[in-house]
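A short write-up of the structure that comes next.
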Amino acid sequence: MIVHKNLQKADSLLMFKMEDAYYFYDIELAILGSNSSDYADYKSQTRQEYSQMSDEAYRTKRLKVLKTFLQIPNIFRTKLFSEEFEQNARKNICGEVEELSNQI
């Protein structure tokens with residue numbers, strides 16, 4: 003009985019920690035679902051962060067990452083972020099994929 007209660011308590015704690023992790027994950031990705039102006043700034047800053055890469059290498063790697071996001075059924079892990087940002091994130095990502103693909 004005591005072991006069972008301890009396991010339930012451990013499961014509850016793990017669930018809370020996972021939920022916290024999901025919110026952290028979603029906060030990190032929220033920029034993907036931002037308005038077009040903020041997303042344009044994000045794209046520019048991301049390119050600057052990887053300025054040591056050639057344009058071709060950057061496009062190739064960035065396209066791979068973006069296409070992976072599009073394959074995920076839900077980019078965001080929490081209902082709150084999914085409802086708020088999912089649709090716009092997919093729109094932004096699709097736009098960037100098209101933009102980068104046209105540069106090849």
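Be aware that the sequence shown starts at 3, since it is given in my numbering, and climbs by one per residue. Ideal Cβ positions, reconstructed from N, Cα and C, are used throughout, including at glycine.
In the structure shown, F83 adopts helical secondary structure according to DSSP, grouped into three states. Rounded to the nearest angstrom, the gap between the Cα atoms of Q47 and K69 is 20 Å. It is roughly 8 Å from the alpha-carbon of E58 to the alpha-carbon of I106. Leaving aside the five residues that flank D28 on each side, the residues in its chain whose CB is nearer than 7 Å to its CB run, in chain order, F78, R79, T80, F83. In the three-state reduction of the DSSP assignment, S56 falls in the coil class, being assigned neither a helical nor a strand state.
Cβ atoms of R64 and L102 come within 8 Å of each other, at about 6 Å.
Between L34 and Y24, the C-beta spacing is not below 9 Å. Residue environment: E98 is assigned as buried (16 or more neighbouring CB atoms within 10 Å of its CB, all protein chains considered).
By the criterion of a C-beta distance shorter than 8 Å, N94 is surrounded in its chain by L34, G35, S36, S38, Y41, once the five residues flanking it on both sides are discounted. Judged by beta-carbon spacing, L72 lies beyond the 9 Å limit of R49, meaning their Cβ atoms are not closer than that value.
For A42, the uninterrupted alpha helix (DSSP H) run begins and ends at 38-51, by DSSP.
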